[in-house]
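Visitor: I have a structure here, written as structure tokens, and I will follow up with some questions on it.
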Amino acid sequence: MNLDDVSHQLAALHAEAFGWALYCCRGDHALAEEALQNAYVKWLEGRLRHDGASSLKTWWLGVIRLTAHEEFRRRRIRDSTLLRWLRGSLAEDEEPQDPAPHPARCAELDEESARLRRLLARLPARQGEVLHLVFYEGLTLADAAAVMGVGLGSARKYYDLGKSRLRAWLEQENRP
Amino acid sequence: MNEKNDPDLQRRFSAWREHEFPQAPEFGPVWRRAQRRAEVQETSRRPRARLRLASAGVAVLAVVAVGLFTRDLSWRRPINATAEHADASSALTQDDPTGPQLLLWTAPTDFLLTSDNDDPVGQIASVVSALLRP
Numbered sequence: 052m053n054l055d056d057v058s059h060q061l062a063a064l065h066a067e068a069f070g071w072a073l074y075c076c077r078g079d080h081a082l083a084e085e086a087l088q089n090a091y092v093k094w095l096e097g098r099l100r101h102d103g104a105s106s107l108k109t110w111w112l113g114v115i116r117l118t119a120h121e122e123f124r125r126r127r128i129r130d131s132t133l134l135r136w137l138r139g140s141l142a143e144d145e146e147p148q149d150p151a152p153h154p155a156r157c158a159e160l161d162e163e164s165a166r167l168r169r170l171l172a173r174l175p176a177r178q179g180e181v182l183h184l185v186f187y188e189g190l191t192l193a194d195a196a197a198v199m200g201v202g203l204g205s206a207r208k209y210y211d212l213g214k215s216r217l218r219a220w221l222e223q224e225n226r227p
Numbered sequence: 049m050n051e052k053n054d055p056d057l058q059r060r061f062s063a064w065r066e067h068e069f070p071q072a073p074e075f076g077p078v079w080r081r082a083q084r085r086a087e088v089q090e091t092s093r094r095p096r097a098r099l100r101l102a103s104a105g106v107a108v109l110a111v112v113a114v115g116l117f118t119r120d121l122s123w124r125r126p127i128n129a130t131a132e133h134a135d136a137s138s139a140l141t142q143d144d145p146t147g148p149q150l151l152l153w154t155a156p157t158d159f160l161l162t163s164d165n166d167d168p169v170g171q172i173a174s175v176v177s178a179l180l181r182p
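One line per chain: the protein sequences are A and B, in this order.
Taking the working numbering, the leading residue of the first sequence gets 52, the next gets one more, and so forth.
Taking the working numbering, the leading residue of the second sequence gets 49, the next gets one more, and so forth.
If you want it as structure tokens, here you go:
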């Protein structure tokens with residue numbers, strides 16, 4: 052597969068991939084862009100190989116998930132109080148940072164979508180992931196399980212639990 | 049398998065997706081930045097590999113130099129002691145076909161335990177050189 056073919060295929064998946072990266076980075080736009088770019092770098096350096104066991108989209112979303120988690124960990128280590136103290140950049144009167152991204156760096160959403168994302172973030176990580184992959188990315192449960200690196204049975208369990216919880220919360224919030 | 053059997057949830061997620069998609073950065077600039085970064089990392093990887101190779105070479109040379117130095121300091125006594133031990137062991141294991149192998153593996157340990165030489169690095173170097181002697 053030459054580079055032009057690859058870039059065309061990745062370009063076609065770009066918006067969906069970014070939506071997934073954004074979810075994995077808890078709505079932090081800059082971090083999601085960084086994670087996606089790092090995934091492209093991995094591809095360009097030949098560190099990734101699609102063996103055809105799953106569709107390109109499923110495989111690519113799995114790569115982005117891992118890359119986003121790496122980026123998230125790296126950012127947390129870099130921003131840790133100890134490392135900032137070692138670098139001497141910790142101001143004496145500085146407040147400890149909130150792990151959630153600054154609102155200005157979050158993607159703007161309408162109220163309804165913002166509520167959905169907030170509720171999804173309240174779910175255990177895997178339950179939120181499987182719901183996002185199925186409803187947002189349009190994957191089947193089997194593909195979602197492949198992206199998350201879990202078995203189909205586990206993915207189904209996460210899906211059922213997550214969906215019933217999300218439904219309950221939405222109904223609760225809709226009540227007057 | 050129809051997982052999306054919840055039209056209300058599907059509608060909400062679709063609205064979210066439609067709202068978020070236009071906010072995605074354009075593919076072109078992100079791809080080009082990734083290409084540039086991959087090129088930079090490729091060019092910086094070669095000097096790093098050379099540096100690692102040079103460091104490994106220096107480490108090997110240092111080990112060899114230390115070995116040669118300690119060998120010069122304590123050469124004779126350990127050789128004699130090993131030779132005496134070898135004679136005794138070969139006498140004991142004369143009829144045993146595993147004798148020579150046994151001797152090879154037991155001689156250094158035994159020698160180190162019984163020797164009164166207070167230079168352990170020199171002892172090891174001497175034993176190794178004794179074993180390697182034709």
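Where a beta carbon is used, it is the ideal one built from N, C-alpha and C, also for glycine.
By the 10 Å Cβ neighbour count, where 16 or more other Cβ atoms means buried, how is A/V181 classified, buried or exposed?
Guide: buried
Visitor: Could you tell me the distance, in whole angstroms, from the CA atom of A/M199 to the CA atom of A/Y209?
Guide: So the alpha carbons of these two residues sit roughly 11 Å apart.
Visitor: Within 7 Å (strictly less), CB to CB, does A/E96 reach chain B?
Guide: Closer than 7 Å: yes.
Visitor: Going by DSSP in three states, A/D13 sits in which element: helix, strand or coil?
Guide: Outside the shown range of chain A (52 to 227) lies residue 13 of chain A, about which nothing can therefore be said.
Visitor: If you compare alpha carbons, which of A/R207, A/L64, A/A193 and A/G179 is closest to B/W79?
Guide: A/L64
Visitor: At a CB-CB cut-off below 8 Å, which residues of chain A make contact with B/V78?
Guide: H65, E84, L87, Q88 and Y91
Visitor: Any C-beta of chain A within less than 8 Å: which residues of the segment 88–106 of chain B qualify?
Guide: Q89 and E90
Visitor: Roughly how many angstroms lie between the CA atoms of A/L192 and A/S164, to the nearest whole one?
Guide: 23 Å
Visitor: At least one CB of chain A closer than 7 Å to the CB of B/Q171: is that the case?
Guide: no
Visitor: Taking C-beta to C-beta, are B/R93 and A/Q88 nearer than 7 Å?
Guide: In this structure, B/R93 lies away from A/Q88, with their beta-carbon atoms at least 7 Å apart.
Visitor: Is A/G238 close to chain B, meaning its C-beta is less than 7 Å from at least one C-beta of that chain?
Guide: Any question about residue 238 of chain A goes unanswered here, given that chain A covers just 52 to 227.
Visitor: Using the beta-carbon count (16 or more within 10 Å), is A/A104 buried or exposed?
Guide: Burial check for A/A104: the Cβ neighbour count within 10 Å stays below 16, so the residue is exposed.
Visitor: Helix, strand or coil for A/P175, going by three-state DSSP, please let me know.
Guide: In the three-state reduction of the DSSP assignment, A/P175 falls in the coil class.
Visitor: Taking 7 Å as the cut-off, decide whether the C-beta atoms of B/A72 and A/A66 are in contact.
Guide: Yes, the Cβ-Cβ distance between B/A72 and A/A66 is below 7 Å.
Visitor: So with Cβ pairs under 7 Å, would you call B/R60 a contact of chain A?
Guide: yes
Visitor: Drop a sphere of 10 angstroms on the beta-carbon of A/D144, count the other beta-carbons inside from all chains shown, and report buried for 16 or more, exposed for fewer.
Guide: Confidence in A/D144 is poor, its pLDDT being 48 and thus under 50, which makes the residue's placement too unreliable to answer from.
Visitor: Taking A/L174 as the reference, which of A/R127, A/A72, A/R218 and A/L99 has the closest Cα?
Guide: A/R218
Visitor: On the three-state DSSP scale, how would you describe A/V57?
Guide: helix
Visitor: Assuming contact is defined by CB atoms lying nearer than 7 Å, are A/C4 and A/R116 in contact in what I supplied?
Guide: Absent from the model: residue 4 of chain A. The displayed extent of chain A is 52 to 227, so no value can be given.
Visitor: For chain A, check one thing: does any of its Cβ atoms lie closer than 7 Å to the Cβ of B/R85?
Guide: yes
Visitor: Taking C-beta pairs closer than 9 Å, name the residues in chain B that A/D79 reaches, listed in chain order.
Guide: Those within 9 Å of A/D79 in chain B number zero; the least Cβ separation is about 13 Å.
Visitor: Would B/A173 and B/G105 be called neighbours here (beta carbons separated by less than 7 Å)?
Guide: no
Visitor: Considering only the alpha carbon of each residue, which of A/F123, A/T132 and A/E188 lies closest to A/A83?
Guide: Check the Cα spacing between A/A83 and each of A/F123, A/T132 and A/E188: the tightest is with A/F123.
Visitor: Taking 7 Å as the threshold (beta carbon to beta carbon), is A/G70 in contact with chain B?
Guide: Yes, A/G70 lies at the interface with chain B (some Cβ there is under 7 Å from its Cβ).
Visitor: Roughly how many whole angstroms lie between the Cα atoms of B/L57 and A/F186?
Guide: 8 Å
Visitor: Look up A/H120 in the DSSP assignment and say whether it is helix, strand or coil.
Guide: helix
Visitor: Considering only residues of the same chain and omitting the five flanking positions on each side of B/R60, which have a CB-CB separation below 8 Å?
Guide: none
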